[in-house]
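Notes follow the structure.
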Amino acid sequence: MIKSAIFNNQVKFYDGDIMEYVYALGRRKKIAEITELYPQVISSANFAEHVGQLKNLHVIFSTWGMPPLTKEQISLMPSLKAVFYAAGSAKGFAKPFLESGIKVSSAWLANAIPVAEFCLGQILLSSKGYFRNMTDCRTPAKNNQKIAFTGKGMFDITIALIGAGAISEKLQELLKPFSVNTIVVPSRKERRTVSLEEAFEKSYIVSNHLPDRQDNMGVLNYDLFKRMPYGATFINTGRGAQVNEDDLVRIMRERPDLTALLDVTHPEPSLSGSEFYKLPNVHISSHIAGSVNNEVVRMADYMIDEFLRWESGEALKYEVTLENL
88 MIKSAIFNNQ VKFYDGDIME YVYALGRRKK IAEITELYPQ VISSANFAEH VGQLKNLHVI
148 FSTWGMPPLT KEQISLMPSL KAVFYAAGSA KGFAKPFLES GIKVSSAWLA NAIPVAEFCL
208 GQILLSSKGY FRNMTDCRTP AKNNQKIAFT GKGMFDITIA LIGAGAISEK LQELLKPFSV
268 NTIVVPSRKE RRTVSLEEAF EKSYIVSNHL PDRQDNMGVL NYDLFKRMPY GATFINTGRG
328 AQVNEDDLVR IMRERPDLTA LLDVTHPEPS LSGSEFYKLP NVHISSHIAG SVNNEVVRMA
388 DYMIDEFLRW ESGEALKYEV TLENL
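Heads up, the final residue of the sequence shown is numbered 412 in the numbering used here, and it's a clean run with no missing numbers.
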C-alpha cells in the first residue's frame with residue numbers, strides 16, 4: 088500500500104489543527120483508508136526526529152503551513168514521489184521538490200471557485216448600486232426609492248476583469264448567463280487587446296484578479312481610478328499591495344459617487360488610522376473571498392482525487408511545474 092504522511096506547520100491565524108479544518112468531514116479518515124498514513128504530523132520542528140522512519144514514504148498531504156524543506160532534507164526521503172497540497176499557491180515550498188523530480192499538485196483551482204462566487208455576488212449587488220443605496224438609506228430623508236442612489240442593473244453594462252488567471256476564468260463562466268459585456272485584461276502587457284486605461288474608462292464595475300507578482304505592485308493608481316464612470320465600483324480580491332492605496336483614498340474623497348469593495352488591503356488588516364475606516368464609499372471585508380469553513384473541504388477533495396489519479400497512473404489535473412510556479 089502507498090505510504091503517506093501529513094506535513095504541516097500550524098499557521099497563526101487558525102485555532103486548533105488546520106489539517107482537521109481542511110481535511111474535515113471525514114477526509115483525513117479517507118486518506119488513512121486509501122493509504123498507510125504515518126501517525127505523526129511532520130513539521131519543521133520534528134522533521135529531524137521522524138525522518139529516519141520516512142525513508143519509504145511515497146506521498147505527502149498538506150495544506151496552508153506546508154514546511155519549506157531543503158533539497159538536502161528531501162533527499163532523506165528517497166521513495167517520495169508526490170506532494171498533494173490542499174491550498175492555493177505552492178510558491179512557498181514547491182521549488183526544491185520539483186527540482187528533485189517530485190511531483191507537486193495544488194488545489195489552486197478549487198480555491199478559485201469561492202473567490203469567483205464572492206465576486207459575482209459583489210458584482211450583482213454593485214450593478215444595482217446596493218452599497219451606495221444602503222449608505223443613503225441610513226438617512227431617513229434619503230430612504231426613498233426616488234432619492235436613494237440606484238445603479239444601472241445587470242443589463243448592458245461593461246465589467247472589467249483585471250487578470251486572466253483561474254479566478255478570472257471562473258468568474259467569466261459565472262457571468263455568461265447575464266446580459267453584460269465582459270472585458271478581460273491579462274496581467275502581461277504583451278497579451279492585452281485592451282489597455283488598463285480603456286478598461287477603467289469603459290467599465291461600470293472593475294474587479295482585480297492580478298497575480299501576486301512584483302511587477303503588479305501599485306499598478307492600480309489614481310490615473311486609472313479617475314477614469315471610472317459615474318457610479319462605478321472597484322472590487323479588490325487580488326492583493327492589497329497591487330493598489331496604490333493613497334491614490335484610492337484620494338479618488339474616493341474626490342468622487343463620492345464611486346464605491347470600493349476591498350477584501351484585501353496592504354497591510355492587512357489596515358492600520359487603525361487608515362482612511363478606509365472613515366470613507367463611507369469604501370467597504371472592507373476581512374479577506375473572506377477565498378475558501379473558508381466548509382469551502383476548504385473542496386480543496387481536500389481535489390487533492391484526494393488527484394492522488395487517486397496519480398496512483399492509477401492517470402494524468403494529473405492540477406500539477407504544478409517550475410514554469411507555472
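For each residue, glycine too, the CB sits at the ideal point set by N, CA and C.
In the structure shown, what three-state DSSP assignment does residue i receive?
i, result
"K90", "strand"
"I375", "coil"
"T222", "helix"
"S149", "strand"
"Y125", "coil"
"Y172", "strand"
"N231", "coil"
"V351", "coil"
"F236", "coil"
"S357", "coil"
"S130", "coil"
"N381", "helix"
"S166", "coil"
"K190", "strand"
"V138", "helix"
"N411", "coil"
"E401", "coil"
"R300", "coil"
"G208", "helix"
"D104", "coil"
"R396", "helix"
"P264", "coil"
With distances taken from CA atoms, which of the options is nearest residue i?
i, options, result
"N380", "L112, F312, L258, L261", "L112"
"A235", "L335, K263, H145, C224", "C224"
"M153", "F205, V407, A181, A328", "A181"
"R278", "I292, V293, A173, I249", "I249"
"S176", "S193, P183, I161", "S193"
"I292", "A286, H145, L283, T320", "T320"
"V336", "A286, N268, F312", "F312"
"G200", "E382, P227, L297", "The displayed chain sequence assigns Ile, not Gly, to residue 200. Per the Cα distances, E382."
"R114", "A387, R326, L211", "A387"
"H353", "E341, P367, I338, Q329", "Q329"
"V128", "E120, K117, I105, N143", "I105"
"L163", "K239, K178, N143", "N143"
"Y405", "E341, F171, K263", "F171"
"A253", "W195, I147, K239, E362", "W195"
"T122", "N95, N368, K90", "K90"
"V306", "E332, V281, R396", "E332"
"C206", "G325, A402, I93, S282", "G325"
"N368", "D392, A119, V202, M339", "M339"
"F148", "N198, A173, L366, A247", "A173"
"Y389", "S255, N95, I118", "I118"
"L124", "I161, L395, V146", "V146"
Give me whichever residues DSSP pairs with residue i in a beta bridge.
i, result
"A387", "In the DSSP output, where bridge partners are listed per residue, A387 has none listed."
"T269", "I246"
"F184", "Paired residue(s): none; F184 is not in a bridge."
"L307", "V330"
"H370", "L348"
"T320", "I292, T346"
"E277", "Per DSSP, none; premise fails for E277."
"E406", "S192"
If contacts are defined as beta-carbon pairs under 8 Å, then residue i and residue j qualify, I think. What distance do you get, rounded to the angstrom?
i, j, result
"Y309", "D344", "At roughly 16 Å, the Cβ-Cβ gap does not stay under 8 Å, so Y309 and D344 are not in contact."
"M315", "F287", "6 Å"
"T245", "K289", "5 Å"
"P356", "S373", "7 Å"
"N295", "I270", "N295 to I270, Cβ: 13 Å. No contact."
Buried or exposed for residue i, please, with buried defined as at least 16 other CB atoms from any protein chain shown within 10 angstroms of its CB.
i, result
"Q301", "exposed"
"L358", "exposed"
"F242", "exposed"
"Q209", "buried"
"M221", "exposed"
"D350", "buried"
"K158", "exposed"
"K257", "buried"
"Y110", "buried"
"A92", "buried"
"R219", "buried"
"G216", "buried"
"G360", "exposed"
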